[in-house]
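What follows is a single structure, written as structure tokens, with notes after it.
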Amino acid sequence: MSENLNCSKLIDGKALSAEIRQSLKSRSEVFEKSFGRKVGLAVILVGEDPASKIYVGNKIKACEEVGLKSFAYYLPEGASKKEIIELIETLNSDSCVDGILVQLPLPNKSDESEILSHVLPSKDVDGFHAVNAGNLLLGNENLTACTPSGIIELIKSTGISIEGKHAVVLGRSNIVGKPIAMLLLQNDATVTVCHSKTRNISDITKQADILVVAIGKKEFVTGDMIKKGAVVIDVGMNRVDGKLYGDVNFEQASKHASYITPVPGGVGPMTITMLMSNTLKAAMGGGK
Numbered sequence: 055m056s057e058n059l060n061c062s063k064l065i066d067g068k069a070l071s072a073e074i075r076q077s078l079k080s081r082s083e084v085f086e087k088s089f090g091r092k093v094g095l096a097v098i099l100v101g102e103d104p105a106s107k108i109y110v111g112n113k114i115k116a117c118e119e120v121g122l123k124s125f126a127y128y129l130p131e132g133a134s135k136k137e138i139i140e141l142i143e144t145l146n147s148d149s150c151v152d153g154i155l156v157q158l159p160l161p162n163k164s165d166e167s168e169i170l171s172h173v174l175p176s177k178d179v180d181g182f183h184a185v186n187a188g189n190l191l192l193g194n195e196n197l198t199a200c201t202p203s204g205i206i207e208l209i210k211s212t213g214i215s216i217e218g219k220h221a222v223v224l225g226r227s228n229i230v231g232k233p234i235a236m237l238l239l240q241n242d243a244t245v246t247v248c249h250s251k252t253r254n255i256s257d258i259t260k261q262a263d264i265l266v267v268a269i270g271k272k273e274f275v276t277g278d279m280i281k282k283g284a285v286v287i288d289v290g291m292n293r294v295d296g297k298l299y300g301d302v303n304f305e306q307a308s309k310h311a312s313y314i315t316p317v318p319g320g321v322g323p324m325t326i327t328m329l330m331s332n333t334l335k336a337a338m339g340g341g342k
């Protein structure tokens, strides 16, 4: 972490990610020596979405960095639900594939839930399967959604204990909001979840010792919504006129927070790193 020009300290996601990837590389080398093959991650991309292509490329690059073998499958935009499911089922039975990731969004978003349900929970390295979501709720060992897992690592990197803190989560998505709330509970925080129907949100955010913002609205959280000394995690990725903005007004927030993640360079790098971690965990049987 590095000092901000104001009073906050930056939580450097890039630096933490690089540190964790070194550990993952060592673990992947041990796996390869023990089992005579590399840990394998299969990525399925349907269609030509430019952003999705970039994300898939970054995931393949991360595999190379930590010593995993990547299997990339590119399907045309017109690929049927049946074709995608058949590919998933083939990968489910492939012993060289430890993790399966279907890049979202799919061209037909209405198919996403059904398609993802066909990935074996033990190979669901995104942590989106209903079985894995249910195990998270119950506190069982499982593969957990990557962004929330990365957020916990970012908070812990500050040295501030989560136990007993009041954590406020803005957003209730299945990908970030709900799972991070569960993980914060598991780490003994008292958790409040706010959403689009919550009244007087600023009254609640000003009580937060830990504030996680994942609502997809450019600079929604302003400085006067933040408690002095809070840890602020900005999950937002809002591209406006070619520039990337978070869900938090960084300049204002950094005058109140003790620690804060930048956008970019905060949560983003950790998401892919935790995907690599989940794939290793799946290979070692941690997703079963």
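Numbering of the sequence shown is given in this note's numbering, commencing with residue 55 and proceeding in unit increments. Glycine is no exception: its CB is placed at the ideal position from the N, C-alpha and C atoms. On a predicted model such as this, the values are computed, not experimentally measured, just so you know.
Contact under 8 Å by Cβ, residue i with residue j
i: L155; j: V93; result: no
i: P318; j: L334; result: no
i: P323; j: K115; result: no
i: V267; j: V302; result: yes
i: I138; j: V173; result: no
i: I216; j: D242; result: yes
i: L239; j: L70; result: no
Per DSSP, the bridge partner or partners of residue i
i: H220; result: T244
i: D178; result: I154
i: V275; result: V302
i: K297; result: V294
i: D288; result: V267
i: I209; result: In DSSP, I209 forms no bridge with anything.
Neighbour-count burial assignment, residue i, 16 or more Cβ in a 10 Å radius
i: K232; result: buried
i: R81; result: buried
i: C117; result: buried
i: F304; result: buried
i: R75; result: buried
i: N254; result: exposed
i: E57; result: In this prediction, E57 scores a pLDDT of 45, lower than 50, which makes its location untrustworthy; no coordinate-derived value is stated.
Straight-line gap, residue i to residue j (C-alpha atoms, nearest Å)
i: E119; j: I258; result: 41 Å
i: A184; j: V294; result: 34 Å
i: S271; j: N292; result: Before going further, note that residue 271 is Lys rather than Ser in the sequence given. Spanning the two alpha carbons is a distance of roughly 7 Å.
i: I326; j: V84; result: 21 Å
i: S106; j: V179; result: 17 Å
i: D66; j: S308; result: 14 Å
i: S203; j: L190; result: 11 Å
i: V151; j: A187; result: 22 Å
i: L145; j: A72; result: 29 Å
i: V321; j: S149; result: 32 Å
i: P175; j: G300; result: 32 Å
i: Y127; j: G90; result: 24 Å
Stretch pair the stretch 143 to 158 + the stretch 166 to 181: three plus CB contacts closer than 8 Å: yes
Would the stretch 276 to 290 count as touching the stretch 237 to 254 if we require 3 or more Cβ pairs under 8 Å? no
Could you say if the stretch 211 to 222 and the stretch 261 to 269 meet the contact criterion of at least three C-beta pairs nearer than 8 Å? yes
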